[in-house]
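What the sequence shown shows, in the numbering used here, is residues 1 to 264, in sequence order.
All residues carry an ideal CB built from backbone N, CA and C; glycine is no exception.
Below is one structure, written out as structure tokens; comments come after it.
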Amino acid sequence: MLIVNFSRETHADAYTCTPHIQDAYKTWHTNFAKYPISLVRRTKKCWDSLRSWASTNYPQLARSLTPGVSESFLDHIETTLGWELPLSVRLLYRFCGGQDYEAIDDDDDMHDDDKRTYAGLLGGYKFYDHNVDVKFLSLEMVVYLTKNTIPHLKRLKAQNWIIIAASGPLMKFFLLNCRDGSLHVATRKCASHGEVINCVPPHPDSTTMQDSLLRWLEEYSRRLNSGMYKAQKNGGAIRISLFPDQEPWCTEAVSQGVQVSDEF
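Structure, rendered in structure tokens:
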């Protein structure tokens, strides 16, 4: 939250901002004047929470989160796509430009391919032949995957949709409808079946805020900070596991020699 402190002039019945406060306000106004202040506060709080959790629990992930992008770069991305991004999505990228794979630290236990595969901000899971770890994509990757993938999802009939997060090779990916801001998740079966799941339930402010992605990240951050989701090592690599393994979110029982876990 931006707090402006005022100091009283000694010989005048007026109030003036101290110079450093003036500079701070000018910088804020230049960068965020086009956005609702409530949305700016929520977005900053969300990214602060995610970065703080990652710094404490998963430093490699924290270092993969890049600085925010400029307004001019966002304008360029919109021109390249051919349509506008929701204000809430623009704001998310103002505070974080996506994930940089090159920033992931070396690990002697991991092969080069593993280093590129893991450290997804949005987490994942591994079972049988499913190896999922979802990254928050840079805008360059958003454009690339959107241009090269969406046209092939003919059953979906998606217009002005973008792929904003993904696990390679599109085992799981998040789609954002830029017309209404709604967020959806799909798997590689989307191309043949056109099946997607709405990630965020309707909300009274959804039409005006178009903030489904932000609301999803806010809830995700809450679950990380509550300990529901944790960074776990699996097969020599670390990932955020979306399978809770501790009470009260997970209970276990053994029946006829078979251990069963029930997740919240």
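Asked                                                                                                                                                         : Found
Residue ranges of each alpha helix (DSSP H) run of no fewer than 4 residues wholly in the region 31-114, ordered along the chain?                             : 37-57, 59-64, 71-81, 87-95
Taking the straight line between their C-alpha atoms, what separation do you get for Asn31 and Val40?                                                         : 10 Å
What does the Cβ neighbour count give for Trp83, buried or exposed, with the cut at 16 atoms within 10 Å?                                                     : exposed
I'd like to know whether the C-beta atoms of Leu217 and Leu85 end up nearer to each other than 9 Å.                                                           : no
Check for me: the alpha helix (DSSP H) holding Leu213 runs from which residue to which?                                                                       : 212-226
From Gly168 to Met228, what distance separates their C-alpha atoms?                                                                                           : 25 Å
Val258 by DSSP, collapsed to three states: which one?                                                                                                         : Below a pLDDT of 50, predicted positions are generally treated as unreliable, and Val258, at 48, falls in that range; the measurement from the model is reported next regardless. Note: Val258 maps to strand in three-state DSSP.
Is it buried or exposed for Tyr58, if we count other Cβ within 10 angstroms and need 16 for buried?                                                           : buried
Going by beta carbon distance, what residues of the same chain come within less than 6 Å of Asp105, once the five residues before and after it are set aside? : With a pLDDT of only 44 at Asp105, under the threshold of 50, the placement of this residue in the model should not be trusted; the figure read from the coordinates follows. So the list reads Gln60, once near-sequence residues are dropped.
Suppose contacts are defined by Cβ-Cβ distances below 9 Å. Is Cys190 in contact with Leu81 by that definition?                                                : no
Cα-Cα, which of Ile21, Arg51, Lys147, Tyr128 is closest to Tyr220?                                                                                            : Arg51
Where does Asp113 land, buried or exposed, given buried means 16+ other C-beta within 10 angstroms?                                                           : Note on Asp113: pLDDT 43, under 50, position unreliable in the model; no value is reported.
Compare the Cα-Cα distances from Leu121 to each of Ala158, Cys199, Arg188, Trp53 and report the closest residue.                                              : Trp53
Given 8 Å as the limit, is there contact between the region 121-134 and the region 156-163, that is, 3 or more CB pairs closer than that?                     : no
Do Ser49 and Asn198 have their beta-carbon atoms positioned less than 9 Å apart in this structure?                                                            : no
May I have the straight-line CA-CA distance separating Ala231 from Arg223, to the nearest angstrom?                                                           : 12 Å
Quick one: grab the DSSP three-state call for Asp180.                                                                                                         : coil
Write down the C-beta distance between Phe127 and Lys44 rounded to the nearest angstrom, noting that I regard them as a contact closer than 8 Å.              : Actually they do not touch by this definition, with Cβ atoms about 36 Å apart.
May I ask you to check if the CB of Arg188 is nearer than 8 Å to at least one heavy atom of the ligand GTP?                                                   : Only the bare structure without any ligand can be found here, which leaves the ligand GTP out of the picture.
In chain order, what residues of the same chain lie with their CB nearer than 6 Å to the CB of Leu145, ignoring the 5 residues before and after it?           : Ile163
By DSSP's criteria, Lys135 is part of a beta bridge. Which residues make up the other side?                                                                   : Ala166
Taking Met171 as the reference, which of Thr149, Lys34, Leu183 has the closest Cα?                                                                            : Thr149
If contacts are defined as beta-carbon pairs under 8 Å, then Ala186 and Lys135 qualify, I think. What distance do you get, rounded to the angstrom?           : Actually they are not in contact, since the Cβ atoms of Ala186 and Lys135 sit about 15 Å apart, beyond 8 Å.
To which residues of the same chain is Gly194 closer than 6 Å at the C-beta, ignoring the five residues directly before and after it?                         : Arg155, Leu156
Roughly how many whole angstroms lie between the Cα atoms of Lys26 and His20?                                                                                 : 10 Å
Return the Cβ separation of Leu139 and Ile77 in integer angstroms, given the expectation that the two are a contact with Cβ distance under 8 Å.               : 5 Å
Can you tell me whether Arg188 is buried or exposed? The criterion is at least 16 other CB atoms within 10 Å of its CB, across all chains shown.              : exposed
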